[in-house]
Amino acid sequence: MAYTSLLVRAAVALCLAAATPGAEAQTRNACAERTQVVERLAEKYGETLQSMGLHQSNAVMEIYASEATGTWTILVTRPDGQACLVAAGRMWEAHSTPARAPGKDV
């Protein structure tokens with residue numbers, strides 16, 4: 225869970241770009257209706273929603289992943305319902321213990 229939080233923070237800059245409406249942003253990012261994207265992630269990769277958060281621009285950032293396939297995807301859904309792919313990868317690991325800050329003995 226804390227690992228996911230770190231991943232979310234690391235992707236904030238990318239999310240800002242994906243949440244920006246306009247032709248340039250849409251040509252740089254793979255965007256489609258959110259329902260279609262979520263169905264595709266489930267059917268093709270077995271990914272389910274792992275965590276989500278609301279950006280100040282009212283865009284929703286979501287992390288989908290599958291422990292079975294090891295794949296993960298970060299989506300940003302804009303208020304107009306378009307979901308844009310921000311990043312995707314392999315070797316997903318879910319963590320239930322919080323990450324320690326450097327130099328902290330907790």
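If you count the sequence shown from 1, position 33 lands on 257 in my numbering, and the numbers rise without skipping. Note that the Cβ used here is the ideal one computed from N, Cα and C, for glycine as well. Note that the coordinates shown come from a computational prediction; the quantities given were computed from them, not determined experimentally.
- The three-state reading of DSSP puts residue 312 in strand, counting E and B together.
- In the structure shown, residue 274 adopts extended strand secondary structure according to DSSP, grouped into three states.
- No Cβ-Cβ contact shorter than 7 Å links residue 299 with residue 254.
- In this structure, DSSP gives residue 263 a helical state, which the three-state scheme calls helix.
- Membership of residue 283 in any beta strand (DSSP E) is not indicated, and neither H nor E is assigned to it by DSSP.
- Rounded to the nearest whole angstrom, the CA to CA distance from residue 257 to residue 306 is 5 Å.
- Closest in C-alpha terms to residue 312, from the list 277, 324, 321 and 294, comes 294.
- Around the beta carbon of residue 283, 16 or more other beta carbons sit within 10 angstroms, so the residue counts as buried.
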